[in-house]
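> In our numbering, the protein residues as written are 268 to 358.
Positions of the beta carbon are idealized from the N, C-alpha and C atoms, including for glycine.
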């Protein structure tokens, strides 16, 4: 994973263009390879995003999993919204 990929992934996962590093740190804390924790240090995420620190190898697969889970959830919600729209339109 590169810093160029981290920022858009964090924005998608957090739902915010402005404040994505702290939420991403919390999400990744739960997936830490040494065991779940409440959060990673958000300053570490900031350092990864700026390129000041190398992104650990486990972060890319963890972010990919989070993104897949988000995509699955959005697909489910989109299908549900379409079904409700059909019922509403039918009266």
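Can you grab the Cα-Cα spacing for the pair residue 318 / residue 341, in whole Å?
By 1-based counting over the chain shown, the position of residue 318 is 51. By 1-based counting over the chain shown, the position of residue 341 is 74. Taking the straight line joining both Cα atoms gives about 30 Å.
> Measure the C-alpha to C-alpha separation of residue 308 and residue 293 and round it to an integer number of angstroms.
If you number the chain shown from 1, residue 308 lands on position 41. If you number the chain shown from 1, residue 293 lands on position 26. In a straight line, the C-alpha of residue 308 is about 9 Å away from that of residue 293.
> Going by alpha carbons, who is nearest to residue 281 out of 298, 333, 323, 297?
For the purposes of this step, residue 281 is taken as residue 14 along the chain shown, with counting starting at 1. Answer by Cα proximity: 333.
> Please classify residue 358 as buried or exposed, where buried requires at least 16 other C-beta atoms within 10 Å of its C-beta.
For this step, residue 358 is matched to residue 91 along the chain shown. Burial call: exposed.
> So, residue 296 versus residue 285, is the Cβ gap smaller than 8 Å?
Along the chain shown, one-based indexing puts residue 296 at 29. Along the chain shown, one-based indexing puts residue 285 at 18. For residue 296 and residue 285, no; Cβs fall outside 8 Å.
> With a floor of 3 residues, list each beta strand (DSSP E) that falls wholly inside the stretch 291-320, ordered by position along the chain.
none
> With 16 as the cutoff for other CB atoms within 10 Å, does residue 329 come out buried or exposed?
Counting from 1 along the chain shown, the entry for residue 329 is found at position 62. Answer is buried; the Cβ neighbour count reaches 16.
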